[in-house]
Structures are given as structure tokens and as C-alpha cells.
């Protein structure tokens, strides 16, 4: 009796784990496809420089020194 119950519980546990893995895979795939094409990337603005060397922004000078 106890062994039969153990085997039934083991079979149910295996089935549950397989179903959970399948659901997880489906939700993963659905989540990836929903993210594609969502949102807009921010506009990239390049720094503007004049001919003067001292006119370079401080952040650019610090980046060059590193």
C-alpha cells in the first residue's frame, strides 16, 4: 500500500515538474517576442567642438586622460 502511494506521488511529481518546465519555456518565448520592437532608443547626440583646444568639454578631457 505504502509503496503504491509512493509510486503514484512520484509519477504526479514528475508530471508536475514537466508541466512547469513546459510552461516556463512558453512564457520565456512569449516574453522575448513581446519585447522585440517595443520602445524607442534615445537619440544620440555627438559632442560639438570648435577649433579651440580649450573649448573641449571637461567630461571629454577627463575621458581622454583615463
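Residue numbers (my numbering): 1 to 66.
Where is the CB? At the ideal position from N, CA and C, for every residue including glycine.
In this text, all values refer to a predicted model and were calculated from it rather than measured experimentally.
Could you give the DSSP three-state label for residue 4: helix, strand or coil? Counting from one through the chain shown, the residue named residue 4 turns up at place 4. The answer is helix: DSSP assigns residue 4 an H, G or I state.
Please classify residue 13: does DSSP put it in a helix, a strand, or coil? On the chain shown, position 13 is the one that residue 13 refers to. Correct three-state label for residue 13: helix.
When you compare only the Cα positions, how much space is there between residue 4 and residue 29? Against the chain shown, residue 4 aligns to sequence position 4. Against the chain shown, residue 29 aligns to sequence position 29. For residue 4 and residue 29, the distance between alpha carbons rounds to 38 Å.
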